[in-house]
Structure formats: structure tokens, C-alpha cells
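Enquirer: My structure is below; once you've seen it, I'll send some questions.
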Amino acid sequence: MTTKKSEPEITHEEDVDEKDVSRRGFITAAALSTAGLVAACSGGDQGDASAENADNEPAPAVPATGGGSDFDVVVIGGGMAGASAARETSKAGLTTLLLEARNRLGGRTYYAPFGDHNIELGANYLYWLQPHIWAEVTRYNLPIDDTPAAVNPDRWIYLKDGKAVEADIATFWPKVDKAMTDYCAMSREVFPRPYDTFHTDEWKKYQDLTIQDRIDQLDLEDDVRLNLNAIWSIMSHAPCKEGGFLEMLRWWANLGSNSIDFNNAVSRYRLSNGTISLINAMLDDSDAEVRLSSPVSRIAQNGTGVQITLEDGQTVTAKKVIVTSPLNTWVDVEFEPALSEVKLTTSRERHVGAGNKLHAKTKQDIGNVFLTADDGFGPMQYGYTETTGPGGTTLLSYGLDGAFDVNNLDVVQNMLRQFLPDVEVESTYGYQWLYDPFSKGTWSTLRPHQFKLVPELQRAEGDVHFASADIATMWRGWMDGGIEMGVSTGQVVARALVS
Ligand SMILES: Cc1cc2nc3c(=O)[nH]c(=O)nc-3n(C[C@H](O)[C@H](O)[C@H](O)COP(=O)(O)OP(=O)(O)OC[C@H]3O[C@@H](n4cnc5c(N)ncnc54)[C@H](O)[C@@H]3O)c2cc1C
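Going letter by letter, the sequence shown gives residues 696 to 1194 in our numbering.
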């Protein structure tokens, strides 16, 4: 086994090869838009992990089929799904190549510098009721940070009719908690086995409901309704009339149907050394070759193998391909033969997750605050203190407007002043996931009619397999879902190719 320990690596923009970023000027712009900040390119040491690991790995099993392909398996995408899939196939003794479009690994996880510390521009939180990612925490002994401020605010301020209202947390939270519990009252009947969402047919009763439809079924005080809308809109990262009710019900069921575990899971525990530490651990634990800045434009299969073409015209062949690129981007790759109509249509329609996330540092210590607004207010539905002290407060904020200028200090300050009139913002940093052609959105929340399509979205087409967090079964839309799909699909492919 490799003994190498991965530290998160930050590569300065000027260190990155020009061709790495030429296709997407916006990535450079986004990375440079905050003074003094640079693009993070973690995993720059992973061009070829095989050379380092070759002497230490156990003898590989023997692939069942002979030569003829450049690699046994090509994995497309270097996020949680791709890294875990590549580890599985590589550890099964299959020659594995991971092709990543961007100049960094991590996908929708992105550990980057902000001032004197690092932040997560993408995924942040994980929890022990997420079985796949927690198994990796155990396997690689990854340290966890607790951010209790996020679930224990001292002040709760919400926007109502354009005005800031301060809630009495002691009396208001129990009402919101009850509303959330009522909203999800049927979770155990619908999802008695959260890892098998179609275990019973109960879901069919609710398959047409949006999140807003379900809120409208409840008899609620106006302010409670407003905040229920704020909470579910940010969990789905879309206006409540877009996301499917079953998607949020599934989260609740996954977490044992209670708000303590729910709140802990969505805003409390994270990897101390960043999400990249897990990506690095999985790839260090494999012989997979990793090529960055390698966007795939075409995947063609003829029954005896698969040819993958990169945007620059290079080709590589494999016995099997595992596609881990986001659902919203499948439509941008040419598949031969064409993808099933369901896959194509769903990719064109997209999942609904498309909002913003930003970190803002204030000059003053604004204390431990929780800020909410309903889905009629685009820039922010949900914001809270991460750290606070005499040197200022770091706020984490999520909103529905994916075009919101997360790196514009004045824009962010004006937004926050609607809640806290005197606040002065010192710096702000975010990433525009919606405009990145290799994500085209944030986390996956399916539309109501897309829920029943998941088995078809997961179905392999010939030698091309699909493994994205966006189509996972249990923790769809989460890092855990990426690993669920990467591990399970990697194992399916390994069983097919290894005797
Ligand atoms: C702002 C934000 C906050 C989030 N918060 C959380 C959270 O707190 N907790 C949590 O668990 N999850 C969170 N998520 C969701 C989580 O990040 C994702 O569900 C998960 O990381 C997706 O993993 P993946 O490997 O399936 O996809 P991705 O991470 O998107 O990886 C896919 C990879 O494929 C690459 N790719 C795309 N097209 C091509 C191509 N043509 N050729 C080659 N490569 C290609 C991409 O560059 C990318 O690296 C958040 C996401 C965002 C954006």
C-alpha cells in the first residue's frame, strides 16, 4: 500500500499551463476576480500515480480479456465519483485512465484559498449517516472539523416584504421545526429503506408534487411558511416550484427523519484538510493514470470496445468507459450510438440545482447570525456565521440566483445590508458553477417527473457506464452519492472484466 500522505496543494495561476485554461476563460476570471486570490489546482502531483505506487501495490488480478485497447477502463471526470470509480477498477488490476476536463481535480468540490485560510467553494459538509463517504473517512483516517456555530445561532434575521425581521429563536425555531417535521410526515412510509427508494410504491402518491405544492398543503403561519420556503429552496438550490418534493423527503428519510440530524448533516461537519484530501487519498490508493485538461468530446462504441475522443482530437481506446461527468453536461458530449432518449432529454432539461454560494468576510464582529429569505429574493436564502471574533466574521451564504455576482464586494455588501444595515464587507469569494461548462449547475435536485427516471439514468449503454452523484440512489446530489455511484459502478465494471 502506498504510504504517501496527500496535503492539499494550491497551484498559482501562473503555474498552470496555458492550454489548461484556454477553453474556459471564465474559470480564470472567476479565480482572479477576488484580489490576491488564485485558482486552485489541487492534485497537480497526480499526472501519473502509477509510477509512485507500482512497487507497493498487491499483485493485480488478471483481466479476462486480452489486449487491443489502450486501457481496460477510461473514467471520465475527476470528482468524487470519478476518483472512487478509478480506484475500484485500478485495485481490481485493470489498467485505468482518468480523464478530467479541468486543470484541477475535485469537480464540484473545490478547496481554495480565501484570505489566510482555505474554504470550500463547492461541497463542504458530510455526516456519519452518509455511509459511502463515511466509509472513506474511516478507511483513510481523515480528520473532521466541527462548525457548531452554524446550527446554534444567537440571532435569526429574515427578510419579509423587503424588511428585516428578527425572530425570537426560543419560540420561533420550535414552530419551524414542527413545520419541517409535518412537511416530511410520510418519510418513513415512502422510504422505509432509503438505500432502495423504489422499495415500495408509496412514492407514486407524491411523484407529481413540487416542494411548493407540499408547503401549500400545510396550514402555517405566514412567517413560518416563509422560512420553510427559505429552507427547502436552499436545500434544493432552486425555487420551490421547481424541485421535486420526493427529493427533499428522501434527505429527511436518509437522516432518520429528525431535524437534529438534518441540521447537523447540512451545515456542520467537514473534512479538516479539505475535500481534496479525500480525492487525493482515493487516487493515491490506486494505480490509475490521471490526465488533467482533457475534455472529452466524443464517446463511440462498436460492440468490441470504446473510442474516446478529446476536444483536441486525441483518441484513446478502452474496453469500458465510466462517465462521471454531471448529468447536465451529458448532452454536450457526442455519443455513438446516441444516448437513450430519456438520458438525452433529462440532460437537456437539467436538474434544478443552479444557485450560488459565497464566503464573505466582514470587518466587524457581527456575531453568530442566521439569515434567511424566501425564494422570491434571488441573491440569498440562507446565510450563517462560520467563524467570528474581534477580527471580523466569516459568513457562508447560499442563494438561488446562479448569476449573482459572488465576487463583487459592493454587490455582496448591499445584499447583506438588507439584513444587517451597518455591515461592512472586507472580501468575498465564490465560484459561478452555473456558468462552468463542466458542471452547468450545483448539486442535483430532480424535477418531480425525473424521480422515476433514475433507474434509466443509471442504466449502462453497452460498454458505457454512468456514475454521477446526480443520479445516485440514496444521497443523490451529495458527495456520498458520487462515491456510491463510483464504487458500485467500478465494481460492476471490474466484475465484468476481471476473471
Ligand atoms: C456550491 C456547492 C455546494 C455543495 N455542497 C455540498 C455539501 O455540503 N455536501 C455534499 O455532500 N455535497 C455538496 N455539493 C454537491 C457535491 O459537490 C456533488 O454532488 C458531488 O461532488 C458530485 O460529484 P461527481 O463526481 O458526481 O461530479 P463532479 O464533482 O461534478 O465531477 C465530475 C467531473 O467531470 C468533469 N467533466 C465534465 N465534463 C467532462 C468532459 N467532457 N470530459 C472530461 N471531464 C469532464 C468535471 O470537470 C468534473 O471534475 C455541493 C455542490 C456545490 C456546487
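Cβ atoms here follow ideal geometry from the backbone N, Cα and C, with glycine treated the same way.
Pairs of beta-carbons, one from the segment 1059-1076 and one from the segment 947-957, closer than 8 Å: are there three or more?
Expert: Cβ pair count under 8 Å is below three, so no.
Enquirer: Is residue 1182 near ligand 1, in the sense that its beta carbon is under 8 Å from a heavy atom of that ligand?
Expert: Result no, Cβ not under 8 Å from ligand 1.
Enquirer: I need the boundaries of the alpha helix (DSSP H) containing residue 924, first residue and last residue.
Expert: It spans 917-931 - the alpha helix (DSSP H) in which residue 924 sits, taken as one unbroken run.
Enquirer: How many Å lie between residue 845 and residue 1079 at the Cα?
Expert: Whole-angstrom Cα-Cα distance: 6 Å.
Enquirer: Kindly indicate the opening and closing residues of the alpha helix (DSSP H) around residue 1044.
Expert: Per DSSP, residue 1044 belongs to the alpha helix (DSSP H) from 1036-1044.
Enquirer: Of the choices 878, 897, 891 and 872, whose alpha-carbon is the least far from that of residue 884?
Expert: Measuring from the Cα of residue 884, the nearest candidate turns out to be 897.
Enquirer: Among the residues of its own chain, which have a CB less than 6 Å from the CB of residue 809, if the five just before and after it don't count?
Expert: The answer, listed in chain order, is 1054 and 1124.
Enquirer: Does DSSP classify residue 1193 as helix, strand or coil?
Expert: Three-state DSSP puts residue 1193 in a strand.
Enquirer: Using C-beta distances below 6 Å, list every residue in its chain close to residue 1092, excluding the 5 sequence neighbours before and after it, in chain order.
Expert: Result list for residue 1092: 1053, 1075 and 1078, in chain order.
Enquirer: Contact between the segment 1176-1183 and the segment 1158-1168 is defined here as three or more beta-carbon pairs at a separation below 8 Å; is this criterion met?
Expert: Output reads yes: the segment 1158-1168 touches the segment 1176-1183.
Enquirer: Can you say whether residue 857 is buried or exposed, counting buried as having 16 or more other CB atoms within 10 angstroms of its CB?
Expert: Counting Cβ neighbours within 10 Å, residue 857 comes out exposed, since fewer than 16 surround it.
Enquirer: Check whether the Cβ atoms of residue 963 and residue 838 lie closer than 9 Å to each other.
Expert: Against a cut-off of 9 Å, the Cβ pair of residue 838 and residue 963 comes out as no contact.
Enquirer: I'd like to confirm something about residue 636: is its beta-carbon nearer than 8 Å to some heavy atom of ligand 1, or not?
Expert: Limits of the chain in this structure are 696 at one end and 1194 at the other, which puts residue 636 out of reach.
Enquirer: Quick one, which of 1190, 1111 and 1121 has its alpha-carbon nearest residue 1065's?
Expert: If we check each option's Cα against that of residue 1065, 1111 comes out closest.
Enquirer: For the beta strand (DSSP E) containing residue 996, list its first residue and its last residue.
Expert: Looking at the DSSP string, the run of the beta strand (DSSP E) that includes residue 996 is 991-996.
Enquirer: Can you look up residue 886 in the DSSP assignment and give me helix, strand or coil?
Expert: Residue state, collapsed to three classes: coil.
Enquirer: May I have the straight-line CA-CA distance separating residue 958 from residue 1005, to the nearest angstrom?
Expert: Looking at the two C-alpha atoms, the distance is approximately 42 Å.
Enquirer: With a threshold of 6 Å on Cβ separation, who are the neighbours of residue 1029 within its own chain once the five nearest residues in sequence on each side are excluded?
Expert: Correct list, in chain order: 993.
Enquirer: Give a yes or no on whether the C-beta atoms belonging to residue 1188 and residue 910 are separated by under 9 Å.
Expert: Going by C-beta atoms, residue 1188 is not nearer than 9 Å to residue 910.
Enquirer: Taking one C-beta from the segment 901-908 and one from the segment 865-874 each time, how about it: are there three or more such pairs within less than 8 Å?
Expert: Cβ pair count under 8 Å is below three, so no.
Enquirer: Quick one, are the C-beta atoms of residue 791 and residue 778 less than 9 Å apart?
Expert: No.
Enquirer: Taking residue 1150 as the reference, give the member of 1167, 1135, 895 and 998 with the closest Cα.
Expert: Of 1167, 1135, 895 and 998, the residue nearest in Cα terms is 1167.
Enquirer: Tell me whether residue 797, by its Cβ, gets closer than 8 Å to a heavy atom of ligand 1.
Expert: Because some heavy atom of ligand 1 lies under 8 Å away, the Cβ of residue 797 counts as near it: yes.
Enquirer: To the nearest whole angstrom, what separates the beta carbons of residue 800 and residue 770, a pair I think is in contact under 8 Å?
Expert: With a Cβ gap of about 12 Å, residue 800 and residue 770 do not count as contacting.
Enquirer: Distance check for residue 1107 and residue 861, CA to CA, integer angstroms please.
Expert: Taking the straight line from one Cα to the other gives about 21 Å.
Enquirer: For residue 935, which residues from the same chain have a beta carbon less than 8 Å from its beta carbon, with the 5 sequence-adjacent residues on both sides left out?
Expert: Result list for residue 935: 905, 906, 907, 910, 924, 927, 928 and 1070, in chain order.
Enquirer: Where does residue 786 sit, in a helix, a strand or coil, going by DSSP?
Expert: Residue state, collapsed to three classes: helix.
Enquirer: Would DSSP call residue 999 helix, strand or coil?
Expert: Coil, per DSSP.
Enquirer: Using the C-alpha atoms, what's the distance from residue 961 back to residue 1133?
Expert: Residue 1133 and residue 961: Cα-Cα distance of roughly 24 Å.
Enquirer: Would residue 1020 and residue 991 be called neighbours here (beta carbons separated by less than 9 Å)?
Expert: Contact flag set, yes.
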